[in-house]
Amino acid sequence: MCVDMLMFILTENVLQYMWSEPQPFVVSVSVKTRGCDGYPDEDSDESYMLSVSEGQAVLRSVSVWGALRGLESLSQLVYQDDYGTYFINKTEIVDFPRFAFRGLLLDTSRHYLPLYAILKTLDAMAYSKLNVFHWHIVDDPSFPYQSRTFPDLSNKGAFHPFTHIYTQSDVIRVIEHARMRGIRVVPEFDSPGHTQSWGKGQPGLLTPCYKGSVPSGSFGPVDPTVDTTYKFMESLLKEVKFVFPDSYVHLGGDEVSFACWQSNPNVRKFMEKMGFGKDFTKLESFYMESIMNMTAALNKTSIVWQDVFDYHERIPQDTVLEIWKGAKYQTELSRMTQAGHRVLLSAPWYINHISYGQDWRNSYAVQPQNFSGTDEQKKLVIGGEVAMWGEYVDATNLSPRLWPRACAAAERLWSNEEKTLNADLAFPRLKEFRCELLRYWKYVSRCAYKTKHLVFDIFFFFFEPVIHFQDSLMNKKLKITAFIQNRNPF
36 MCVDMLMFIL TENVLQYMWS EPQPFVVSVS VKTRGCDGYP DEDSDESYML SVSEGQAVLR
96 SVSVWGALRG LESLSQLVYQ DDYGTYFINK TEIVDFPRFA FRGLLLDTSR HYLPLYAILK
156 TLDAMAYSKL NVFHWHIVDD PSFPYQSRTF PDLSNKGAFH PFTHIYTQSD VIRVIEHARM
216 RGIRVVPEFD SPGHTQSWGK GQPGLLTPCY KGSVPSGSFG PVDPTVDTTY KFMESLLKEV
276 KFVFPDSYVH LGGDEVSFAC WQSNPNVRKF MEKMGFGKDF TKLESFYMES IMNMTAALNK
336 TSIVWQDVFD YHERIPQDTV LEIWKGAKYQ TELSRMTQAG HRVLLSAPWY INHISYGQDW
396 RNSYAVQPQN FSGTDEQKKL VIGGEVAMWG EYVDATNLSP RLWPRACAAA ERLWSNEEKT
456 LNADLAFPRL KEFRCELLRY WKYVSRCAYK TKHLVFDIFF FFFEPVIHFQ DSLMNKKLKI
516 TAFIQNRNPF
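Residue 398 in my numbering is what sits at position 363 of the sequence shown, and the numbering runs on without skipping anything.
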């Protein structure tokens, strides 16, 4: 399986050109730890060492995930000159990520994203060394996830029950596509708010809103006062555990409007019974605590939006908090880490917001650990993610909105802080990286920037890969003979 995975990364971008005068180039990959049938996780070792000399490249890593990162780096070291000749410079690289969680959020509820758009995004994530796909799969507008346990959720809640859904096979394909690129898939089922599409296929789940003493006909958040709600959520979370192998699940918990709860007499009676008074944040806290406990019982780690911390007193200590509100996010980082929680940062990386000019520089200037706190607090910042919300984004404009702008955050989350302080030095790399994506997606055959042009497509031909097992060292070696060849012009 390791051979298949590494060969896949090396060969997936080969283009069918005419070739001449091949020059032998040997790529040797050594992976210390056995096994690559599993999934990447928060403890995956992504470090690698790469040495390129005349006629050969030697890549060493502890795990297959590090080997994947190293192969991506190797692919980006291949240059093309003005005559179409491909070459690679001698180099020595020791590389490892600054943060373990380097994510990208896609919203597939506000506008349905076809499968090819998601897979294409995963490819670009791998090139950028982003390693977590945060799948905001459902929300108010639609419920495209096809549940085995509750099929009516998508039958009645999706934009279309056949064409605008993600079947179980689709989800499996996304997870495997991501795994082969060293990317985790973390699903989000946001509640108790953002659930209007849920109610269409699950009667009794949402709170009936009242106008005076009679129902208004509209519905609000999930009804946290009835047992059927918790039975439903427990069943849904059990399915999520079965379908999504990652240890994390995002439970949402943001932007809950209390107006409907406040209008409902049954909710008010429940509040009085529980001693919550008129503080509806306590009701939300009651609900979220129950859902987080269910998640813990399933051996999953909860991620929640910062609202849950802002409003609630009792949060399991292992819960990961995500900061999304742009104002004063550094203050929030300080408060949350002081309370001992691990934290993700996305507030400054909402790149669905666009502006004129080089707005990527704003993303590049962000330093996730630049807040008032001890060294121990700063270690609790486990990473961050780029967010691409879907109000004005669909498959037609997803890629140009994301890339290469997301790469600024990707470099910030991977690379050493001291080596990446100057955005002017990053700009040429970003231009070249954009060229690589354009070539890979076949928008252009060659990029016109007057800088050395990076080429993603390594143009390797492979023959008889050999694996050597050394049980005493637990060392797996993959030796591949390759040819970097010149391309005849069209």
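Where a beta carbon is used, it is the ideal one built from N, C-alpha and C, also for glycine. Source: prediction; values computed, not measured.
Lys235, buried or exposed, once every other Cβ within 10 Å from all chains shown has been counted against 16: Stepping through the sequence shown from its first residue, residue 235 is reached at position 200. The residue is buried, with at least 16 neighbouring Cβ atoms inside 10 Å.
Cβ neighbour criterion (16 or more within 10 Å) applied to Met309: Within the sequence shown, residue 309 is the residue found at index 274, counting from 1. The residue in question, Met309, is exposed, as its Cβ has fewer than 16 Cβ neighbours within 10 Å.
Short CB-CB distance (under 7 Å) between Gln115 and chain C: Absent here is chain C; the protein component of the structure consists of one chain.
Closer than 6 Å: Asp281 CB and nearest the ligand FMN heavy atom: For the structure depicted, the ligand FMN is absent and the ligand set is empty, with no information on it obtainable.
Continuous beta strand (DSSP E) stretch holding Phe136: start and end: Residue mapping note: residue 136 aligns to position 101 of the sequence shown, counting from 1. It spans 136-142 - the beta strand (DSSP E) in which Phe136 sits, taken as one unbroken run.
Boundaries (first-last residue) of the beta strand (DSSP E) holding Phe315: Position 280 of the sequence shown, counting from 1, holds the residue named residue 315. Unbroken run through Phe315 is the alpha helix (DSSP H), 315-332; no beta strand (DSSP E).
Local Cβ density within 10 Å of Ser226, reported as buried at 16 or more and exposed below that: Taking the first residue of the sequence shown as 1, we reach residue 226 at position 191. Buried is the call here.
Three CB pairs or more closer than 8 Å across the segment 428-444 and the segment 402-414: no
Supposed contact pair Leu465 and Gly419 - C-beta distance, whole angstroms, cut 8 Å: In the sequence shown, the residue the question calls residue 419 occupies position 384. In the sequence shown, the residue the question calls residue 465 occupies position 430. Not a contact, Cβ separation roughly 19 Å.
Cβ-based burial, Ile153 [other Cβ within 10 Å; buried from 16]: Taking the sequence shown and counting its residues from 1, the one referred to as residue 153 is at position 118. With 16 or more Cβ atoms within 10 Å of its Cβ, Ile153 is classed as buried.
Residue span of the beta strand (DSSP E) that contains Thr336, given as start and end: As a working mapping, residue 336 is identified with position 301 in the sequence shown. Looking at the DSSP string, the run of the beta strand (DSSP E) that includes Thr336 is 336-340.
Short Cβ contact (7 Å threshold) for Arg377 with Ala458: Here residue 377 refers to the residue found at position 342 of the sequence shown. Here residue 458 refers to the residue found at position 423 of the sequence shown. Not closer than 7 Å, so no.
Cβ-Cβ separation, Ile338 to Leu17 (assumed contact under 8 Å), whole Å: Outside the displayed range of the chain (36 to 525) lies residue 17, so it cannot be described from this structure.
Same chain, Cβ closer than 7 Å to Met329, five either side skipped, listed in chain order: As a first step, residue 329 must be located in the sequence shown, where it is residue number 294. Taken in chain order, the residues that qualify are Met268, Glu269, Leu272.
Residue from Gln365, Leu148, Pro351, Val428 with nearest C-alpha to Ser325: Position 290 of the sequence shown, counted from the first residue, corresponds to residue 325. Among Gln365, Leu148, Pro351, Val428, the Cα nearest to that of Ser325 is on Pro351.
DSSP bridge partner residues for Met268 (one or two, in chain order): As a first step, residue 268 is located in the sequence shown; it is residue number 233 there, counting from the start. None, per the DSSP bridge assignment.
Same chain, Cβ closer than 6 Å to Thr230, five either side skipped, listed in chain order: In the sequence shown, residue 230 corresponds to position 195, counting from 1. The residues are Val257.
Whether Ala430 touches Leu148 by CB criterion (7 Å): Counting from 1 along the sequence shown, the entry for residue 430 is found at position 395. Counting from 1 along the sequence shown, the entry for residue 148 is found at position 113. The answer is yes: Cβ separation under 7 Å.
Straight-line Cα distance separating Gly392 from Trp340: For the purposes of this step, residue 340 is taken as residue 305 along the sequence shown, with counting starting at 1. For the purposes of this step, residue 392 is taken as residue 357 along the sequence shown, with counting starting at 1. One C-alpha to the other measures close to 30 Å.
Backbone secondary structure at Gly70 - three-state DSSP: Counted from its first residue, the sequence shown places residue 70 at position 35. DSSP places Gly70 in coil when its eight states are reduced to three.
Nearest-angstrom Cβ-Cβ length linking Asp130 and Tyr83, presumed shorter than 8 Å: Here the question's residue 130 lines up with position 95 in the sequence shown. Here the question's residue 83 lines up with position 48 in the sequence shown. The Cβ separation is near 6 Å, so the contact holds.
Three-state class that DSSP yields for Ala193 in the structure shown: The count along the sequence shown starts at 1 and reaches residue 193 at position 158. Reduced to three states, the DSSP call for Ala193 is coil.
Which residues DSSP lists as bridging Thr156, in chain order: Position 121 of the sequence shown, counted from the start, is the residue given in the question as residue 156. Answer by DSSP bridge pairing: none, since Thr156 is not bridged.
Three CB pairs or more closer than 8 Å across the segment 106-125 and the segment 135-145: no
Contacts around Tyr322, its chain only, beta-carbon distance under 6 Å, and the 5 residues preceding and following it disregarded: For this step, residue 322 is matched to residue 287 along the sequence shown. Result list for Tyr322: Pro227, Pro259, in chain order.
Pairwise C-alpha distance: Pro75 and Val221: Locating residue 221 in the sequence shown gives position 186, where the first residue counts as 1. Locating residue 75 in the sequence shown gives position 40, where the first residue counts as 1. Going by the C-alpha atoms only, they are around 11 Å apart.
Nearest-angstrom Cα separation, counted from Tyr151 out to Ser298: Here residue 298 refers to the residue found at position 263 when the sequence shown is read from its first residue. Here residue 151 refers to the residue found at position 116 when the sequence shown is read from its first residue. Each residue's Cα considered, the two are about 44 Å apart.
Proximity winner among Thr202, Ala294, Glu367, Asn166, relative to Phe185 (alpha-carbon distances): On the sequence shown, position 150 is the one that residue 185 refers to. Among Thr202, Ala294, Glu367, Asn166, the Cα nearest to that of Phe185 belongs to Thr202.
Rounded separation between Pro300 and Pro383 - CA only: Along the sequence shown, read from residue 1 onward, the residue named residue 300 stands at position 265. Along the sequence shown, read from residue 1 onward, the residue named residue 383 stands at position 348. Cα-Cα distance, rounded: 40 Å.
Span of the alpha helix (DSSP H) around Trp395: On the sequence shown, residue 395 is found 360 positions in, with the first residue counted as 1. Taken as a continuous stretch (DSSP letters only), the alpha helix (DSSP H) holding Trp395 covers 395-399.
Inter-residue spacing [alpha-carbon to alpha-carbon] between Gly90 and Lys125: On the sequence shown, position 55 is the one that residue 90 refers to. On the sequence shown, position 90 is the one that residue 125 refers to. Near 10 Å, if we compare the C-alpha coordinates of Lys125 and Gly90.
Status (buried if at least 16 other CB within 10 Å, exposed otherwise) for Ile389: The residue given as residue 389 occupies position 354 in the sequence shown. Result: exposed.
Alpha-carbon to alpha-carbon, Gly252 and Pro243: Looking up residue 243 in the sequence shown gives position 208. Looking up residue 252 in the sequence shown gives position 217. Straight-line Cα distance between these residues: approximately 7 Å.
CB contact flag (Thr354, Leu415, <7 Å): Taking the sequence shown and counting its residues from 1, one reaches residue 354 at position 319. Taking the sequence shown and counting its residues from 1, one reaches residue 415 at position 380. In this structure, Leu415 does not lie closer than 7 Å to Thr354 by Cβ.
Through-space distance from Gly73 to Val278, alpha-carbon basis: Against the sequence shown, residue 278 aligns to sequence position 243. Against the sequence shown, residue 73 aligns to sequence position 38. Approximately 15 Å between the Cα atoms of the pair.
Nonlocal neighbours in the same chain, by C-beta distance under 8 Å from His199, ignoring five residues either side: The sequence position of residue 199 within the sequence shown is 164, counting from 1. Excluding positions up to five away in sequence, the list reads Tyr147, Ser177, Pro179, Ala193.
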